[in-house]
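What follows is a short report on a single structure.
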Amino acid sequence: QGIPILADMAYIGAGDWVTTAKRRPPGGELTLTERTQNRALSAAWAPVERGMARLKSWQIFRRSRISPNRMSVITKAVLTLEKQR
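Residue numbering for the sequence shown follows the UniProt record's numbering, starting at 1 and increasing by one per position.
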């Protein structure tokens, strides 16, 4: 805890350290500030979602038999390669 996490709306209510978008109230609208905050959150969160989707396409992650520490290094390398695409 204590590390801020950006998450999608499925995690609303997960805790104070989880930052999620604001939901539109029933029968109401979001304020301009809330809409702006949602857009900024989405812009920060979208590259992470794309990165996770790209990771799933790499064969090495499907049947890996290496230690979790080594997998962490490989994940960083793959995300760096994907970022350069």
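Backbone N, C-alpha and C fix where the C-beta goes; we use that ideal spot for every residue, glycine too.
Query raised in the report: DSSP on residue 119, reduced to helix/strand/coil?
Result: Residue 119 falls outside the range modelled here, since the chain spans only 1 to 85, and no answer is possible.
**Report entry** Residue interval of the alpha helix (DSSP H) (run including threonine 75)
**Finding:** 68-84
Report task. Would you mind working out which of Thr19, Ser42, Lys56, Pro25 sits nearest proline 4, comparing C-alpha positions? Result -> When only C-alpha atoms are compared, the closest one is Thr19.
Query raised in the report: So what does leucine 6 bridge to, in DSSP terms?
Result: Answer is Thr19, bridged to leucine 6.
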